[in-house]
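Residue numbers (this note's numbering): 6 to 185.
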Ligand code: 5GP
């Protein structure tokens, strides 16, 4: 049982998605992937830091042969409306001619996923499938397909299950929403 409220630094967060709801979303994504990738050997690209929890949960439920690699990126937004995605840790794998599945924790504006998708395509991936545990449709500005979406959520800041607020909260098993 998760606590109804948590305090991280100066903020309070309220329980929003239970461990059970998350587990059910993870299993349905894994089931779909198992159908879609049967007989193929994709490379799973987990986006650090946030997706390490979700990525591991998905990974354990995959029944086809697959490899895993990690990339760390961070996004910066200035005063202008355009953003920049910076690679903090490069992908230690060759994606050329591979079917790639990119695993993110959350898609907000879509800037990070768009950048990763283009990066994989430019590096010669045969196909790029995008997967995210959480998706904020009201904030999304992308024009690309998210093939696997766990749970759609409102445009509110969330923590837990890998997601942090200023470094804290990643270890919470459930997902919490910023209290207003
Ligand atoms: P996007 O590029 O889609 O706007 O944002 C994606 C990244 O922003 C995510 O990988 C995550 O690091 C961060 N992010 C977006 N929304 C949230 C949120 O509600 N909570 C947390 N902890 N991070 C978020």
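Using N, Cα and C, we set each Cβ at its ideal position, and we do this for glycine too.
Predicted model only: the values in this text are computed from it and were never measured.
- At the C-beta level, residue 100 and residue 125 come within 7 Å of one another.
- One Cα belongs to residue 184, the other to residue 15, and the distance between them is close to 11 Å.
- As DSSP reads the structure, residue 182 sits in a beta bridge with 19 and 163.
- Shown here, residue 68 sits in coil according to DSSP, grouped into three states, outside any helix or strand.
- The DSSP-derived three-state label of residue 128 is coil.
- Spanning the alpha carbons of residue 151 and residue 140 requires a straight line of approximately 9 Å.
- Using a cutoff of 6 Å, the CB of residue 117 counts as near the ligand 5GP, since one of the ligand's heavy atoms is closer than that.
- For residue 158, there is no enclosing beta strand (DSSP E), since its DSSP letter is neither H nor E.
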